[in-house]
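Colleague:
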Amino acid sequence: MAEVVKAFRDKFTKMLYDVGDVYEGDRAEELAKLGYVAEAADKPLEDMTKAELLKYAEENEIDGVTSAMNKAEILEAIKAVQ
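What follows is the structure in structure tokens.
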């Protein structure tokens with residue numbers, strides 16, 4: 006299961022997916038590599054480490070998050086755009 010982060014039309018099913026939709030097809034890994042979907046987080050944001058939050062922010066193209074920020078600041082920045 007993956008969350009759509011960039012709208013696309015599935016080339017096989019012709020189904021349109023909008024940002025925020027959940028993609029449950031077989032091509033989630035391929036679409037993630039192309040930047041259309043992001044794997045759903047297995048654990049809540051609050052339970053992630055600083056490194057995991059930085060990776061999450063990068064994968065979800067969340068602007069303004071840097072490694073100089075502490076965990077609380079990163080978490081606040083992520084939640085501000087959700």
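The numbering of the sequence shown is our numbering, which starts it at 6 and goes up by one.
Note that beta-carbon positions come from the ideal geometry of N, C-alpha and C, so glycine has one too.
1. Just tell me which of 44, 24, 25, 23 has its CA closest to the CA of residue 32.
2. Below 8 Å CB to CB, which residues in the same chain sit around residue 40 once its five sequence neighbours on both sides are set aside?
3. Sort out for me which residues DSSP pairs residue 27 with in a bridge.
4. Buried or exposed: which applies to residue 80, given that a residue is buried once 16 or more other Cβ atoms fall within 10 Å of its Cβ?
5. Distance, Cα to Cα, residue 63 vs residue 34?
6. Note the first and the last residue of the continuous beta strand (DSSP E) segment covering residue 43.
7. Among residues of its own chain, excluding the 5 on either side of residue 26, which ones have a beta-carbon nearer than 7 Å to its beta-carbon?
8. Bridge partners for residue 13 per DSSP, in chain order?
Modeller: Based on what the coordinates show:
1. 44
2. 10, 11
3. 8
4. buried
5. 17 Å
6. 42 to 44
7. 9
8. 22
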